[in-house]
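A.B. asks:
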Amino acid sequence: MRRDLVEAARRGDHEAFEVLATSAGDRLYAVARLILRSADLAEDAVQEALVRAWQQLPSLRDPDRFDAWLYRLVVNACADQGRQLRRWSQQVRPLPVEPSIGDDTKSVADREQLERGFSRLKPEQRAVVVLHYYSGFSAAEIAHMLGIPEGTARSRLHYATEAMRAALEADARQPAVAQNRTA
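For the sequence shown, our numbering assigns the number 52 to the initial residue and increments by one for each residue that follows.
1) Hey, is the stretch 83-96 in contact with the stretch 123-131, meaning 3+ C-beta pairs nearer than 8 Å?
2) So what's Arg-205 in DSSP terms, helix, strand or just coil?
3) Which class does Leu-219 belong to by DSSP, given the choice of helix, strand or coil?
4) Report the option in Ala-60, Leu-182 and His-209 whose CA atom is closest to the CA atom of Met-196.
5) Compute the Euclidean distance between the alpha carbons of Met-215 and Ala-81, then round it to the nearest angstrom.
6) Assuming Ala-211 and Ala-204 are in contact, meaning their beta carbons sit under 8 Å apart, how far apart are those beta carbons, in whole angstroms?
7) If you draw a straight line from the C-alpha of Arg-53 to the C-alpha of Ala-221, how long is it?
8) Compute the Euclidean distance between the alpha carbons of Ser-206 and Val-180, then round it to the nearest angstrom.
9) Measure how close the beta-carbons of Phe-169 and Arg-162 come, nearest whole angstrom, since I'm counting them as under 8 Å.
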């Protein structure tokens with residue numbers, strides 16, 4: 052069924068493309084929001100990716116890879132947004148940590164700490180972390196989506212994990228240092 056929709060969209064069927072875009076929209080937005088850390092920028096990136104998808108759909112070689120191809124377009128649109136932000140010298144707002152009902156103070160603090168570590172990652176590291184840990188893609192799938200060698204995807208994931216670990220360890224030591232100064 053999905054392959055039929057992709058084929059119909061490739062032939063110019065707007066309704067088929069709309070069904071595909073609607074079914075993937077929430078996942079694409081979630082990935083873009085995690086990468087860009089801004090709801091407005093994420094919406095813009097997803098819209099840009101969907102416009103590009105419609106324009107480039109006839110050139111899609113393997114309809115079975117539609118989802119991976121669409122994720123790649125979103126990640127590329129996020130990269131474009133990041134370049135525009137740097138050019139305009141604006142900073143991306145951090146995602147607010149919104150505790151859900153039942154969260155205890157420790158889990159909120161843990162999420163805030165993870166957010167600080169995540170915010171220190173480079174955009175290309177953020178992309179592989181989101182695609183791997185949030186969306187569940189393998190390094191090979193991420194490599195295909197981003198158009199990079201699999202080793203590069205693995206390397207980015209490794210260095211991102213190490214950067215997060217270092218940031219979390221630094222945050223964990225920080226209160227201890229402050230406590231020692233007051234004692």
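Ideal placement from N, C-alpha and C gives every residue a C-beta, glycine not left out.
C.D. replies: So, from the listed chains and residues:
1) In short, these stretches touch, since the Cβ pair count reaches three.
2) In this structure, Arg-205 counts as helix in the three-state DSSP scheme.
3) Here Leu-219 sits in helix by DSSP.
4) Leu-182
5) Those two C-alpha atoms are separated by around 20 Å.
6) Not quite, the Cβ-Cβ distance comes to about 11 Å (not below 8 Å), so this is no contact.
7) 47 Å
8) 11 Å
9) About 10 Å separates the two Cβ atoms, so there is no contact after all.
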